[in-house]
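A.B. asks:
Numbering (this note's numbering), first residue to last: 77 to 274.
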């Protein structure tokens, strides 16, 4: 039996989750642009990988006595990063369920979400040693969240000009979840900023 465990770098485990998140959103964007099912399948596979990375982080958290930041902060940030990736898979699930393809508005929103993920990853990468950079990256995410909101409402307005209400409601659901994805990103950066203030 081992009494002393090696130090676990929870910052790196969070970065690992961020890498999955970015890969998943990039695959979703590629699907929106190309409509090729291989990219949709990639999103599903990456989301499963992301779930495993979160499980590993939680397992290490449960077995570690001393952590570099509050345990609940690590847990919450990990959960929020995972939730962003979950929404990417949910988007694929809904598109397949409703038998619709990504449109231009959806592609634009997902493109912004890809940028959001890049800034989240940079924020998390710099939490430990460069908190000022982490803060700047988090603030960029919050600005992009507002941009997603603007695109979302414009997309809804254009959508309700169409006559096929069945199609309208299908696309509205997907738009809504993409907008919620940016809300989760905003909350994640609030969590990160709270950690930096401690």
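Cβ atoms here follow ideal geometry from the backbone N, Cα and C, with glycine treated the same way. Keep in mind that this is a model prediction, so the values were computed, not measured.
#1: Does the count of Cβ pairs from the segment 171-187 and the segment 203-214 closer than 8 Å reach three?
#2: For the putative contact between residue 195 and residue 224, defined by C-beta atoms under 8 Å, what is the C-beta separation to the nearest angstrom?
#3: What number of angstroms, rounded off, separates the C-alpha of residue 105 from the C-alpha of residue 254?
#4: Please classify residue 114 as buried or exposed, where buried requires at least 16 other C-beta atoms within 10 Å of its C-beta.
#5: How many Å lie between residue 79 and residue 250 at the Cα?
#6: Which residue wins for smallest C-alpha separation from residue 87, given the options 257, 177, 143, 269?
#7: Residue 77 to residue 139, Cα distance in whole Å?
#8: Could you tell me the alpha carbon to alpha carbon distance between residue 93 and residue 130, rounded to whole angstroms?
#9: Of the residues 239, 243, 193, which one's Cα is nearest the Cα of residue 174?
#10: What residue range does the alpha helix (DSSP H) around residue 161 cover?
C.D. replies: Based on what the coordinates show:
#1: When Cβ pairs closer than 8 Å are counted between the two stretches, the segment 171-187 is seen not to touch the segment 203-214, the count staying below three.
#2: At roughly 13 Å, the Cβ-Cβ gap does not stay under 8 Å, so residue 195 and residue 224 are not in contact.
#3: Rounded to the nearest angstrom, the two C-alpha atoms are 12 Å apart.
#4: Sixteen is the threshold: since fewer than 16 other Cβ atoms of the shown chains lie within 10 Å of the Cβ of residue 114, the residue is exposed.
#5: Because residue 79 sits at a pLDDT of 43, beneath the cut-off of 50, its placement in the model cannot be relied upon, and the following sentence gives the value as read from the coordinates. In this structure, the CA atom of residue 79 is about 50 Å from the CA atom of residue 250.
#6: If we check each option's Cα against that of residue 87, 143 comes out closest.
#7: In this prediction, residue 77 has a pLDDT of 39, which is less than 50 and means its spatial position is unreliable; nothing more can be read from the coordinates.
#8: One Cα belongs to residue 93, the other to residue 130, and the distance between them is close to 7 Å.
#9: Proximity to residue 174 across 239, 243, 193 peaks at 243, based on C-alpha coordinates.
#10: Secondary structure note for residue 161: its alpha helix (DSSP H) is the uninterrupted segment 147-174.
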